[in-house]
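Report on the structure given below.
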Amino acid sequence: LSEVLLWANTPSLSVDALIDKAFKNNPNIEQIKQKIKSVGENIKLLQTKKQELEEEIKNLNNELIEKNKQLEATLELNNNILNEKILLIKNNAFLAMGITMNHEITQPLMVIQGNIDMMKMNPKFEENPDIASNINNIEKSILRMKDILAQMKEMEEI
Numbered sequence: 012l013s014e015v016l017l018w019a020n021t022p023s024l025s026v027d028a029l030i031d032k033a034f035k036n037n038p039n040i041e042q043i044k045q046k047i048k049s050v051g052e053n054i055k056l057l058q059t060k061k062q063e064l065e066e067e068i069k070n071l072n073n074e075l076i077e078k079n080k081q082l083e084a085t086l087e088l089n090n091n092i093l094n095e096k097i098l099l100i101k102n103n104a105f106l107a108m109g110i111t112m113n114h115e116i117t118q119p120l121m122v123i124q125g126n127i128d129m130m131k132m133n134p135k136f137e138e139n140p141d142i143a144s145n146i147n148n149i150e151k152s153i154l155r156m157k158d159i160l161a162q163m164k165e166m167e168e169i
C-alpha cells in the first residue's frame, strides 16, 4: 500500500499506469479499469448535470426576480387606481351633498323671501323703522346665502 501511495504522488504517472502498478497481480485488472473508467464518466456526467441544473436555477431565479418586479409595478398601479377611485367616490359624495344642500337651503330661503315681500306690502311695515332695518339685514343675509349657493352650483357644473 505504501508503494501505491508513493506512485500516486508521482505526477508523471497516468491513472492507468497507477492502476496497473497497484493491481498488477490482480486477474481482474481490466474489469477494475473498466469500472474506474465508468465511475469517472458518471462523475463527469453528474458534474455536467449539476452545472446544467445550477444554470437552470439561476435562470429561474432571474425569472422570479423579473416577475416580482412586474407584480410590484402592477400592485402599485392598482393602488393608484384604487386611490383615484376612492377620491372620485368622495368627490361624487361631496357633489351629491352639495346638490342636496343647495336644494334644501334654496327652498326655505324662497319661503323667507316670500314672507318678507308680503310683510313689505303691509302698510304698517314702514311705520316701525326697527322692523324695516331688521328685515333689510335679513334680506342682505338671504342675498349672501343665494350667492354662496350660486357659487356651489357653479362648482357642481365643473
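Position one of the sequence shown corresponds to residue 12 (this note's numbering), numbered consecutively onward. Positions of the beta carbon are idealized from the N, C-alpha and C atoms, including for glycine. Quantities reported herein were computed from a predicted structural model and do not represent experimental measurements.
Note down, in chain order, each residue of its chain lying with its Cβ closer than 6 Å to the Cβ of residue i, except the 5 sequence neighbours on either side.
i	result
M163	G109 and N113
S152	none
E77	none
Just checking my contact of residue i with residue j at CB under 8 Å: how many whole Å lie between their CB atoms?
i	j	result
T117	L160	6 Å
I146	M130	7 Å
N37	I43	7 Å
Please work out which residues of its chain come closer than 8 Å, Cβ to Cβ, to residue i, disregarding the five sequence neighbours upstream and downstream, and give them in chain order.
i	result
M156	I116 and L120
L172	Shown here, the chain extends from 12 to 169; a query on residue 172 therefore has no answer.
K135	none
I71	Sequence inspection shows Leu at residue 71; the Ile mentioned does not correspond to that position. None.
Grab me the residues of residue i's own chain with a C-beta within less than 7 Å of its C-beta, minus the 5 sequence neighbours each way, in chain order.
i	result
L154	none
I97	none
Legend entry - Secondary structure, alpha helix (DSSP H): runs of 4+ residues fully inside the stretch 24-87: 26-33
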